[in-house]
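Numbering of the sequence shown is given in my numbering, commencing with residue 321 and proceeding in unit increments. Beneath this line is the structure, given in structure tokens, with notes to follow.
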Amino acid sequence: MTKGLAHQDHEERARLLFGIALVSVVLWQTYIGSIILYPFTILATWFHEMGHGIGAIVTGSQFERLLIFPDGSGVAMSLRPSDGFRVTDAFIAASGPLGPAIAGALLIIASRSARATRIALLVLGGALVVSTVIWVRSLTGWIFLPAMGLGILGLALRGSDSWQRFGIQLLGVQACISVWRQFDYLFSAGGSIGGTPQRSDTGAIADLLLLPYWFWGAVISAMTMALLWWSFRIAFRR
Numbered sequence: 321m322t323k324g325l326a327h328q329d330h331e332e333r334a335r336l337l338f339g340i341a342l343v344s345v346v347l348w349q350t351y352i353g354s355i356i357l358y359p360f361t362i363l364a365t366w367f368h369e370m371g372h373g374i375g376a377i378v379t380g381s382q383f384e385r386l387l388i389f390p391d392g393s394g395v396a397m398s399l400r401p402s403d404g405f406r407v408t409d410a411f412i413a414a415s416g417p418l419g420p421a422i423a424g425a426l427l428i429i430a431s432r433s434a435r436a437t438r439i440a441l442l443v444l445g446g447a448l449v450v451s452t453v454i455w456v457r458s459l460t461g462w463i464f465l466p467a468m469g470l471g472i473l474g475l476a477l478r479g480s481d482s483w484q485r486f487g488i489q490l491l492g493v494q495a496c497i498s499v500w501r502q503f504d505y506l507f508s509a510g511g512s513i514g515g516t517p518q519r520s521d522t523g524a525i526a527d528l529l530l531l532p533y534w535f536w537g538a539v540i541s542a543m544t545m546a547l548l549w550w551s552f553r554i555a556f557r558r
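Okay, here's the thing in structure tokens:
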């Protein structure tokens, strides 16, 4: 009986998180929704730009700074060698939309145990605070990122097990779906960042590896959905 109730609870939690993800993606496409979800918008931008920055570090480039603008857009600036490989630049471009999905999947999987959940919350909260000190160079980032980081750290240190588990699952889902915050950016050749026209990530990948930007948008979306499905299967498997 207890096992059956636990299984039902896991299914209800999975449906709730899926519903939140779907509603968030839909709301992000509207003006009112973007205002309601503004804190999650800033968090999504941080996930995205940190993906670019970590991609740059992994490939031997220098992650210089991260800017988040009041409209929720952002940019990660890195110093890369002028004679670098095209595939390396493509990897850095893809790390923005794919990095958060990988991180989000790991956060969701961490919810399987109370200890892993607490560690994941401490790491994420600390990363928000530390990254602000090291890389963030914009007022919007300075205001929101440390506040969110401290809130997550507070949840890790003072929250109940159930709230910690739900919190890390929610944050993991938000990280995964952050790639769909702007469909018109993912499936376009370019967009506006801080009011300045700029090539989109998928447009940059298309320039470097051929095939159109919409193809890479579809590939990134498929990989994100696969990561989300995989993490749910592991997190809610009993």
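Just so you know, even glycine gets a beta-carbon here, dropped at the ideal spot from N, CA and C.
Of all C-beta pairs linking the region 448-455 to the region 408-424, fewer than three are shorter than 8 Å, placing the two stretches out of contact. In this structure, Ile488 lies near Ala430, with their beta-carbon atoms less than 7 Å apart. In this structure, the alpha-carbon of Ala440 lies about 22 Å from that of Met545. In this model, Gly510 and Ser520 are separated by some 4 Å (Cα to Cα).
Counting only runs that start and end inside the region 382-446, the beta strand (DSSP E) elements of at least 3 residues fall at 382-388 and 394-399. At the C-beta level, Ala413 and Ile525 come within 7 Å of one another.
Under the three-state reduction of DSSP, Arg553 is assigned to helix.
According to the DSSP assignment, Pro517 belongs to the beta strand (DSSP E) that extends over Thr516 to Arg519. When Leu363, Ile428, Gly469 and Phe464 are compared, the shortest CA-CA separation from Phe486 is found for Ile428.
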